[in-house]
Every structure is written in C-alpha cells, then in structure tokens.
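Notes for the one structure printed next.
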Amino acid sequence: MPFQGLGGLETYALEDGGCRVEVIPSRGALITRMTVDGDEVLFLDESTVVDPTKNVRGGIPVLFPAAGRLPGDTYPVERQAYTMAQHGFARKLPWTVRQVEKSLLVMGLSSSEETLRQYPWRFDAQIALSLEGSRLTIDFDLENRDTRPLPFHLGFHPYFQVAQAAKAQARVETDATHAWDNQHSVEIPITGLDLTASEVDLHLRDHSRPGTTLHRGPGRRPVHLSWSPEFRVLVVWTLQGRDFVCVEPWTAAAGALATGEGLLTVPPEERLSLAFDIEG
18 MPFQGLGGLE TYALEDGGCR VEVIPSRGAL ITRMTVDGDE VLFLDESTVV DPTKNVRGGI
78 PVLFPAAGRL PGDTYPVERQ AYTMAQHGFA RKLPWTVRQV EKSLLVMGLS SSEETLRQYP
138 WRFDAQIALS LEGSRLTIDF DLENRDTRPL PFHLGFHPYF QVAQAAKAQA RVETDATHAW
198 DNQHSVEIPI TGLDLTASEV DLHLRDHSRP GTTLHRGPGR RPVHLSWSPE FRVLVVWTLQ
258 GRDFVCVEPW TAAAGALATG EGLLTVPPEE RLSLAFDIEG
C-alpha cells in the first residue's frame, strides 16, 4: 500500500529481506531510496523532490525519449523542428501505477497532447520494478502505438551515494580507452577515472561489457550493475563537494534523436523491452 513520503507525495515501497526500495510515481517514476541491510545505496537531495519546479537531483531518474541534451534542444522530424529539454520528459511527468505487490511495482506512461508536442509518436511505456534479495531489476517496456517506426533514446541516471572523502578510493570498473568529455566538449583518452576532480562528466563509448561495478570506498558495499546489450554508452558524472557518483547506462550518445546515431527503433504495433539491474 502507498504511504505519504517526502512532501506528502504518494510513495510505494518494495521489500525483500533486508532490502527496501522506495518509489514516487508522480515524480517521473522516481526511485528515491534503496537500502540494503541499513546501507543507503542512493544519494538524494530531498529538497529537489518536494519542489515540483525543480529537476530532481538524486535517486534514479528515467531519461526518455532522450538522454542528454539535444543540440539547441531541438531535433527534426519530417522537416519539422521539435523542442525537447535535456533528458526528455519522462522524468518530469507523473506515471500511473498499474500493479502493486510486496516486491513488484509496475508503472506506465502513455503519449498525450503534452508529449506529442515534443515527440510526435503515440506510445505506451511501462516500467516494472522487481526486488529479489538485494537485486533491483528495472524492466522498461516500450510499445509503438503509432503508424510509423518509433525512434527513442533511453537512459537511467542513478545517483549512488559516495562520500566526497571516499572518492579518491572509489572506482568504476571499465575497459574503456577513450571518452567524450562533456564538460569540455572534447574526445579524450582515458587510463582511469579520477572521481576527485571538480567535475567529472565522461561518456564512455567503448566500454565493452553490459555492466560494471562501482566501488564506493572503504566500509561501503560495492554496487554491481548489469544491463541489456542495447545500452551502448556508459556515462560517469560527479561534482566535487557532493556525495554522489552517477553511473548511467544510455542506449546512445547524447543528441541521438537529432543525429540518428545509435537510435533504437520500434516498428508499428510492436514493443521492445530493456532491463537494468542494480545489486547492492
């Protein structure tokens, strides 16, 4: 059953053993907390959750139908320009609860007049959250209800709790050899990730395996991530002085709706499902 959480917002909890996950459907299907045996896995700036005028900083925002920023916040469709803000609209809109069980929550978001002004396709998106032990599975299912192929760009933006003092010893496992440095708009070679810099905003385009492990420093349990092979870009973002490291699987590089590079497409009247697992 739902309860009144932050700011009185309707919140749902999934529980299995010593793991608990909390979700606010009205704030973009936002996963706000994940605790494993009392250890807080996620960072959350609660003030951004309770203020509907702010983009939430923390938890696990859903980035759909675009991850990152489009050039000039616009993209073309059949010779017409459409405007969409950074990271798309799914993280800002309320999702409808479709099914609730102790360790399962299913939420949906369908196209509307508001979405069609930004993204001219009719769709139904569904997120099923399931908890088994300390593993949270996020299943994203997209149905194309339009008469044309539906292109989309999906990402997840989890903020993992990593203390600033622990960032020198924190580590993201990767075999990537180069990255797009989004802060300086330049491609750079990498031999490791320095999470202590004033800002890290690296898009790893040759991370080879569908998953990684985030080591959060001494005394903190590592977080193991895995995802569907359609997620081709791994984004790592953190800010100095803030106790988080974001480790984000995206299906394509930023701007994909405009460039067409790496876009996934769902044929008319068909559906596509992708999964993202987090184990604390």
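Residue numbering for the sequence shown follows this note's numbering, starting at 18 and increasing by one per position.
Glycine included, C-beta positions come from ideal geometry on N, C-alpha and C.
Computed from a prediction, not measured in an experiment: that's the story for all the values here.
Which first and last residues belong to the beta strand (DSSP E) in which residue i is found?
i: Val240; result: Val240 to Trp244
i: Gln178; result: Tyr176 to Gln178
i: Met124; result: Leu121 to Ser127
i: Leu23; result: Run containing Leu23: none; DSSP gives neither H nor E here.
i: Leu221; result: Glu216 to Leu221
i: Pro284; result: Segment: none, Pro284 is in no beta strand (DSSP E) and carries neither H nor E.
i: Asn161; result: Arg152 to Asn161
i: Gly228; result: Gly228 to His232
i: Gln116; result: Thr113 to Glu118
i: Ser225; result: That residue, Ser225, is in no beta strand (DSSP E); it is neither H nor E in DSSP.
i: Trp254; result: Val250 to Leu256
i: Leu146; result: Phe140 to Glu149
i: Glu265; result: Phe261 to Trp267
Measuring only the C-alpha atoms, how far is residue i from residue j?
i: Leu26; j: His201; result: 38 Å
i: Gly55; j: Glu130; result: 43 Å
i: Pro69; j: Tyr92; result: 26 Å
i: Leu23; j: Trp197; result: 36 Å
i: Tyr29; j: Ala275; result: 36 Å
i: Trp138; j: Met18; result: 33 Å
i: Ser64; j: Val114; result: 24 Å
i: Arg259; j: Val217; result: 12 Å
i: Gly85; j: Thr100; result: 14 Å
i: Lys262; j: Glu247; result: Rather than Lys, the amino acid found at residue 262 in this sequence is Val. C-alpha separation (whole angstroms): 23 Å.
i: Glu296; j: Ala102; result: 31 Å
i: Ala182; j: Arg37; result: 26 Å
i: Thr164; j: Val94; result: 14 Å
i: Glu118; j: Thr154; result: 14 Å
i: Glu204; j: Leu219; result: 9 Å
i: Leu251; j: Trp267; result: 6 Å
i: Leu80; j: Gly45; result: 9 Å
i: Leu148; j: Arg249; result: 25 Å
i: Leu110; j: Leu256; result: 26 Å
i: Ala98; j: Glu265; result: 28 Å
i: Pro206; j: Glu190; result: 16 Å
i: Thr208; j: Val253; result: 14 Å
i: Arg237; j: Glu286; result: 45 Å
i: Leu146; j: Gln21; result: 20 Å
i: Val73; j: Glu32; result: 24 Å
Keeping to the same chain, check which residues put their C-beta closer than 8 Å to that of residue i; ignore five residues upstream and five downstream.
i: Leu59; result: Ile48, Thr49, Arg50, Met51, Gly75, Gly76, Ile77, Pro175, Tyr176, Phe177 and Gln178
i: Ala269; result: Ala84, His170, Arg249, Val250, Glu278, Gly279, Leu280 and Leu281
Starting from residue i, trace the alpha helix (DSSP H) both ways and give me its first and last residue.
i: Gln135; result: Glu130 to Gln135
i: Ala273; result: Ala273 to Thr276
For residue i, collect the residues of the same chain with a Cβ closer than 7 Å to its Cβ; drop the 5 residues on either side in sequence, then sort them by chain order.
i: Gly34; result: Gly150
i: Asp223; result: Ala193, Thr194 and His195
i: Asp141; result: Gly125, Ser127, Glu160 and Arg162
i: Pro284; result: Asn161 and Pro166
i: Gly234; result: Val179, Ala180, Ala183, Gln186 and Ala187
i: Asp90; result: Thr100, Met101 and Ala102
Excluding sequence positions up to five away, which residues of its chain have a Cβ less than 6 Å from the Cβ of residue i?
i: Phe157; result: Ile144 and Leu291
i: Ser225; result: Asp192
i: Tyr136; result: Pro82
i: Gln116; result: Val123
i: Pro42; result: Trp112, Val114 and Met124
i: Gly272; result: Leu87 and Pro88
i: Val67; result: Leu23 and Gly24
i: Ala180; result: Asp260
i: Arg188; result: His232
Would the segment 241–248 count as touching the segment 210–229 if we require 3 or more Cβ pairs under 8 Å?
At 8 Å Cβ cutoff, the stretches touch.
If you scan the segment 28–111 from start to end, which runs of the beta strand (DSSP E) of 3 or more residues do you find wholly inside it?
The qualifying runs are 36–41, 47–53, 91–94 and 97–100.
With a cut-off of 8 Å, do at least 3 Cβ pairs link the segment 120–130 to the segment 210–217?
no
Check whether the segment 158–173 and the segment 283–295 are in contact - that is, three or more C-beta pairs closer than 8 Å.
yes
Cβ pair count under 8 Å reaching 3, the segment 131–144 against the segment 96–110
Between the segment 131–144 and the segment 96–110, the count of C-beta pairs closer than 8 Å reaches three or more; the two stretches touch.
Enumerate, from N- to C-terminal direction, the unbroken alpha helix (DSSP H) stretches of 4 or more residues contained entirely within the segment 163–203.
none
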